[in-house]
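All remarks here apply to the structure that follows.
Numbering (my numbering), first residue to last: 354 to 600.
Printed below as a string of C-alpha coordinates:
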(Lines of atoms letter the chains of each structure in order from A and count residues from 1; the text may use other names and numbers.)
(Lines give C-alpha, C1' and ligand atoms only; values in the text may rest on other atoms or scores of the structure.)
Protein backbone atom coordinates (compact mmCIF):
# COMPACT_ATOMS: atom_id res chain seq x y z
CA UNK A 1 0.00 0.00 0.00
CA UNK A 2 1.12 3.56 -0.74
CA UNK A 3 1.75 6.32 1.77
CA UNK A 4 -1.35 7.86 3.36
CA UNK A 5 -3.37 4.65 2.97
CA UNK A 6 -4.75 2.18 5.50
CA UNK A 7 -6.44 -1.15 4.81
CA UNK A 8 -9.32 -2.87 6.53
CA UNK A 9 -9.27 -6.64 6.13
CA UNK A 10 -12.45 -8.58 5.47
CA UNK A 11 -12.22 -12.26 6.30
CA UNK A 12 -14.88 -14.61 4.94
CA UNK A 13 -14.79 -16.57 8.16
CA UNK A 14 -14.30 -13.87 10.85
CA UNK A 15 -15.81 -10.91 9.03
CA UNK A 16 -14.23 -7.46 9.33
CA UNK A 17 -11.05 -7.77 11.34
CA UNK A 18 -10.62 -5.25 14.21
CA UNK A 19 -7.06 -4.30 13.28
CA UNK A 20 -6.01 -2.27 10.24
CA UNK A 21 -2.97 -2.63 8.03
CA UNK A 22 -0.67 0.28 7.25
CA UNK A 23 1.76 1.17 4.46
CA UNK A 24 3.99 -1.41 2.82
CA UNK A 25 3.64 -4.96 1.49
CA UNK A 26 1.37 -7.47 3.25
CA UNK A 27 0.12 -10.97 2.54
CA UNK A 28 -3.51 -12.01 2.12
CA UNK A 29 -5.04 -15.44 2.15
CA UNK A 30 -6.45 -15.82 -1.37
CA UNK A 31 -10.21 -16.13 -1.67
CA UNK A 32 -10.69 -15.88 2.13
CA UNK A 33 -9.45 -12.33 2.70
CA UNK A 34 -10.00 -8.99 0.95
CA UNK A 35 -8.37 -5.62 1.63
CA UNK A 36 -10.48 -2.44 1.60
CA UNK A 37 -8.10 0.49 1.23
CA UNK A 38 -8.91 3.89 2.76
CA UNK A 39 -7.20 7.22 2.10
CA UNK A 40 -6.44 8.60 5.58
CA UNK A 41 -4.99 11.93 4.42
CA UNK A 42 -6.80 15.18 5.21
CA UNK A 43 -9.18 16.25 2.46
CA UNK A 44 -11.03 19.54 1.97
CA UNK A 45 -14.76 19.78 1.40
CA UNK A 46 -17.17 22.70 0.92
CA UNK A 47 -20.72 22.31 2.17
CA UNK A 48 -23.49 24.78 1.33
CA UNK A 49 -26.64 25.28 3.36
CA UNK A 50 -29.68 27.55 3.35
CA UNK A 51 -31.14 28.15 6.78
CA UNK A 52 -33.11 30.66 8.81
CA UNK A 53 -31.98 33.11 11.48
CA UNK A 54 -33.63 33.89 14.80
CA UNK A 55 -35.55 36.78 13.18
CA UNK A 56 -36.70 34.50 10.31
CA UNK A 57 -34.30 35.77 7.64
CA UNK A 58 -32.99 33.33 5.04
CA UNK A 59 -29.21 33.09 4.89
CA UNK A 60 -26.91 31.21 2.50
CA UNK A 61 -23.84 29.67 4.15
CA UNK A 62 -20.80 27.87 2.82
CA UNK A 63 -18.76 25.80 5.25
CA UNK A 64 -15.25 24.53 4.54
CA UNK A 65 -14.07 21.47 6.44
CA UNK A 66 -10.79 19.56 6.42
CA UNK A 67 -11.52 15.98 7.41
CA UNK A 68 -9.91 12.56 7.66
CA UNK A 69 -11.06 9.22 9.09
CA UNK A 70 -9.97 8.09 12.55
CA UNK A 71 -7.59 5.21 11.80
CA UNK A 72 -8.56 3.32 14.95
CA UNK A 73 -12.24 3.34 13.90
CA UNK A 74 -11.81 2.35 10.26
CA UNK A 75 -13.27 -1.16 10.76
CA UNK A 76 -16.34 0.36 12.42
CA UNK A 77 -16.62 3.00 9.70
CA UNK A 78 -16.48 0.35 6.97
CA UNK A 79 -19.03 -1.86 8.70
CA UNK A 80 -21.56 0.90 9.43
CA UNK A 81 -21.02 3.55 6.74
CA UNK A 82 -19.06 2.02 3.89
CA UNK A 83 -16.18 3.39 1.84
CA UNK A 84 -18.01 6.64 0.99
CA UNK A 85 -18.50 7.51 4.65
CA UNK A 86 -17.67 11.21 4.19
CA UNK A 87 -20.30 11.61 1.46
CA UNK A 88 -22.89 10.02 3.72
CA UNK A 89 -22.08 11.83 6.95
CA UNK A 90 -20.49 15.27 6.47
CA UNK A 91 -23.24 17.05 4.45
CA UNK A 92 -25.90 15.76 6.83
CA UNK A 93 -24.26 16.71 10.13
CA UNK A 94 -22.96 20.01 8.72
CA UNK A 95 -26.48 21.13 7.74
CA UNK A 96 -27.81 19.97 11.11
CA UNK A 97 -25.21 21.97 13.03
CA UNK A 98 -25.52 25.07 10.84
CA UNK A 99 -29.29 25.21 11.27
CA UNK A 100 -29.03 24.74 15.04
CA UNK A 101 -26.35 27.42 15.53
CA UNK A 102 -27.64 30.05 13.08
CA UNK A 103 -31.14 29.85 14.60
CA UNK A 104 -29.69 31.35 17.81
CA UNK A 105 -28.62 34.62 16.12
CA UNK A 106 -30.40 37.52 14.44
CA UNK A 107 -29.37 38.43 10.90
CA UNK A 108 -27.36 41.49 11.91
CA UNK A 109 -25.60 39.48 14.65
CA UNK A 110 -24.34 37.01 12.04
CA UNK A 111 -22.44 39.87 10.41
CA UNK A 112 -21.09 41.50 13.57
CA UNK A 113 -20.37 38.25 15.47
CA UNK A 114 -19.17 36.05 12.64
CA UNK A 115 -16.18 34.72 14.63
CA UNK A 116 -18.47 33.67 17.48
CA UNK A 117 -20.81 31.87 15.06
CA UNK A 118 -17.88 30.12 13.38
CA UNK A 119 -16.49 29.00 16.75
CA UNK A 120 -19.84 27.54 17.83
CA UNK A 121 -20.25 25.74 14.51
CA UNK A 122 -16.73 24.31 14.82
CA UNK A 123 -17.26 23.04 18.38
CA UNK A 124 -20.61 21.42 17.60
CA UNK A 125 -19.42 19.88 14.33
CA UNK A 126 -16.26 18.42 15.90
CA UNK A 127 -18.40 16.67 18.48
CA UNK A 128 -20.90 15.31 15.95
CA UNK A 129 -18.21 14.12 13.54
CA UNK A 130 -16.37 12.29 16.32
CA UNK A 131 -19.50 10.15 16.86
CA UNK A 132 -18.99 8.76 13.34
CA UNK A 133 -15.23 8.24 13.58
CA UNK A 134 -14.35 11.35 11.53
CA UNK A 135 -11.66 13.78 12.64
CA UNK A 136 -12.01 17.41 11.54
CA UNK A 137 -8.75 19.35 11.23
CA UNK A 138 -10.38 22.70 10.48
CA UNK A 139 -13.86 24.20 10.18
CA UNK A 140 -14.56 27.70 8.86
CA UNK A 141 -17.39 29.77 7.43
CA UNK A 142 -16.17 30.99 4.04
CA UNK A 143 -19.34 32.58 2.67
CA UNK A 144 -22.39 34.23 4.19
CA UNK A 145 -25.09 36.06 2.25
CA UNK A 146 -28.72 37.02 2.71
CA UNK A 147 -31.73 37.04 0.43
CA UNK A 148 -32.29 39.87 -2.04
CA UNK A 149 -35.22 41.19 0.03
CA UNK A 150 -33.07 41.46 3.15
CA UNK A 151 -30.24 43.12 1.20
CA UNK A 152 -32.70 45.75 -0.08
CA UNK A 153 -34.00 46.27 3.45
CA UNK A 154 -30.44 46.82 4.71
CA UNK A 155 -29.78 49.30 1.90
CA UNK A 156 -33.01 51.19 2.68
CA UNK A 157 -32.06 51.29 6.37
CA UNK A 158 -28.63 52.71 5.56
CA UNK A 159 -30.15 55.35 3.27
CA UNK A 160 -32.65 56.29 6.00
CA UNK A 161 -29.83 56.63 8.53
CA UNK A 162 -27.88 58.84 6.14
CA UNK A 163 -30.95 61.02 5.56
CA UNK A 164 -31.48 61.28 9.32
CA UNK A 165 -27.86 62.34 9.82
CA UNK A 166 -28.17 64.90 7.02
CA UNK A 167 -31.37 66.32 8.56
CA UNK A 168 -29.64 66.51 11.92
CA UNK A 169 -26.77 68.43 10.30
CA UNK A 170 -29.20 70.86 8.64
CA UNK A 171 -30.91 71.48 11.99
CA UNK A 172 -27.57 72.08 13.73
CA UNK A 173 -26.47 74.41 10.93
CA UNK A 174 -29.68 76.42 11.17
CA UNK A 175 -29.28 76.63 14.95
CA UNK A 176 -25.70 77.89 14.58
CA UNK A 177 -26.78 80.48 12.00
CA UNK A 178 -29.57 81.62 14.32
CA UNK A 179 -27.12 81.99 17.19
CA UNK A 180 -24.68 83.89 14.94
CA UNK A 181 -27.47 86.24 13.83
CA UNK A 182 -28.45 86.88 17.47
CA UNK A 183 -24.85 87.56 18.45
CA UNK A 184 -24.37 89.85 15.41
CA UNK A 185 -27.56 91.76 16.23
CA UNK A 186 -26.52 92.10 19.85
CA UNK A 187 -23.11 93.40 18.71
CA UNK A 188 -24.67 95.94 16.36
CA UNK A 189 -27.06 97.06 19.09
CA UNK A 190 -24.20 97.46 21.56
CA UNK A 191 -22.17 99.35 18.97
CA UNK A 192 -25.05 101.72 18.24
CA UNK A 193 -25.52 102.26 21.95
CA UNK A 194 -21.84 103.10 22.42
CA UNK A 195 -21.88 105.49 19.46
CA UNK A 196 -24.96 107.18 20.83
CA UNK A 197 -23.35 107.56 24.22
CA UNK A 198 -20.13 108.88 22.66
CA UNK A 199 -22.09 111.38 20.56
CA UNK A 200 -23.90 112.69 23.59
CA UNK A 201 -20.65 112.98 25.50
CA UNK A 202 -18.51 114.65 22.80
CA UNK A 203 -21.10 116.52 20.79
CA UNK A 204 -20.49 117.10 17.04
CA UNK A 205 -16.75 116.32 17.31
CA UNK A 206 -17.31 112.60 16.84
CA UNK A 207 -19.44 113.16 13.75
CA UNK A 208 -16.78 115.45 12.26
CA UNK A 209 -14.12 112.82 12.91
CA UNK A 210 -16.21 110.19 11.15
CA UNK A 211 -16.65 112.53 8.15
CA UNK A 212 -12.92 113.10 7.95
CA UNK A 213 -12.24 109.35 8.06
CA UNK A 214 -14.82 108.75 5.31
CA UNK A 215 -13.32 111.53 3.16
CA UNK A 216 -9.85 110.06 3.54
CA UNK A 217 -11.07 106.66 2.39
CA UNK A 218 -12.87 108.16 -0.63
CA UNK A 219 -9.87 110.28 -1.57
CA UNK A 220 -7.54 107.30 -1.31
CA UNK A 221 -9.84 105.23 -3.55
CA UNK A 222 -10.20 107.99 -6.19
CA UNK A 223 -6.46 108.71 -6.23
CA UNK A 224 -5.82 105.16 -7.39
CA UNK A 225 -8.09 105.52 -10.41
CA UNK A 226 -6.51 106.19 -13.82
CA UNK A 227 -9.07 108.81 -14.86
CA UNK A 228 -8.61 111.01 -11.80
CA UNK A 229 -5.60 113.27 -12.23
CA UNK A 230 -6.35 115.97 -9.61
CA UNK A 231 -8.81 116.27 -6.76
CA UNK A 232 -9.45 119.94 -5.80
CA UNK A 233 -9.85 120.89 -2.21
CA UNK A 234 -13.38 122.02 -2.93
CA UNK A 235 -14.25 118.46 -3.90
CA UNK A 236 -12.84 117.14 -0.64
CA UNK A 237 -14.79 119.78 1.27
CA UNK A 238 -17.94 118.85 -0.64
CA UNK A 239 -17.51 115.16 0.17
CA UNK A 240 -16.97 116.02 3.77
CA UNK A 241 -20.13 118.07 3.78
CA UNK A 242 -18.23 121.20 4.76
CA UNK A 243 -18.17 124.55 2.98
CA UNK A 244 -15.09 125.32 0.88
CA UNK A 245 -12.80 128.32 1.29
CA UNK A 246 -14.52 131.68 0.76
CA UNK A 247 -18.03 130.11 1.07
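Don't be surprised by glycine CBs; every beta carbon is placed ideally from N, CA and C.
Taking the continuous beta strand (DSSP E) assigned at residue 413, which residues delimit it? 411 to 422
Inspect the beta-carbon positions of residue 420 and residue 396 and report whether they are closer than 8 Å. yes
Among 542, 533, 377, 448, nearest to residue 357 - alpha-carbon criterion: 377
Would residue 482 pass as a contact of residue 430 if the rule is Cβ separation under 8 Å? no
Exposed or buried, residue 360, counting other C-beta atoms within 10 Å across all chains shown (16 or more means buried)? buried
Could you have a look at residue 363 and say whether DSSP puts it in helix, strand or coil? Strand, per DSSP.
Any idea what DSSP makes of residue 466, helix, strand or coil? Residue 466: coil per DSSP, three-state reduction.
According to DSSP, simplified to helix, strand and coil, what is residue 436? coil
Could you say if the segment 433 to 445 and the segment 379 to 388 meet the contact criterion of at least three C-beta pairs nearer than 8 Å? no
Could you work out which residue in 442, 418, 414 is closest to residue 464 when comparing CA atoms only? 414
Where the beta strand (DSSP E) through residue 392 begins and ends: 386 to 392
With 16 other Cβ atoms within 10 Å as the buried cut-off, status of residue 519: exposed
Have a look at the DSSP bridge pairing and note the partners of residue 405. 411
Residues near residue 444 by beta carbon distance below 7 Å, same chain, minus five either side: 400
Would a C-beta distance cut-off of 8 Å place residue 369 and residue 428 closer than the cut-off? yes
Drop a sphere of 10 angstroms on the beta-carbon of residue 367, count the other beta-carbons inside from all chains shown, and report buried for 16 or more, exposed for fewer. With fewer than 16 Cβ atoms within 10 Å of its Cβ, residue 367 is classed as exposed.
Just the Cα atoms here: how many angstroms apart are residue 391 and residue 453? 31 Å
Under three-state DSSP, which class holds residue 376? coil
Assuming residue 395 is part of the beta strand (DSSP E), what are its boundary residues? Per DSSP, residue 395 belongs to no beta strand (DSSP E) and is neither H nor E.
CB contact flag (residue 389, residue 424, <8 Å): no
Where does residue 475 land, buried or exposed, given buried means 16+ other C-beta within 10 angstroms? buried
Apart from the five residues on each side of it in sequence, which residues of its chain come closer than 7 Å, Cβ to Cβ, to residue 405? 411, 456
Can you round the beta-carbon distance between residue 450 and residue 493 to whole angstroms, since I take them to be within the 8 Å contact cut? Actually they do not touch by this definition, with Cβ atoms about 13 Å apart.
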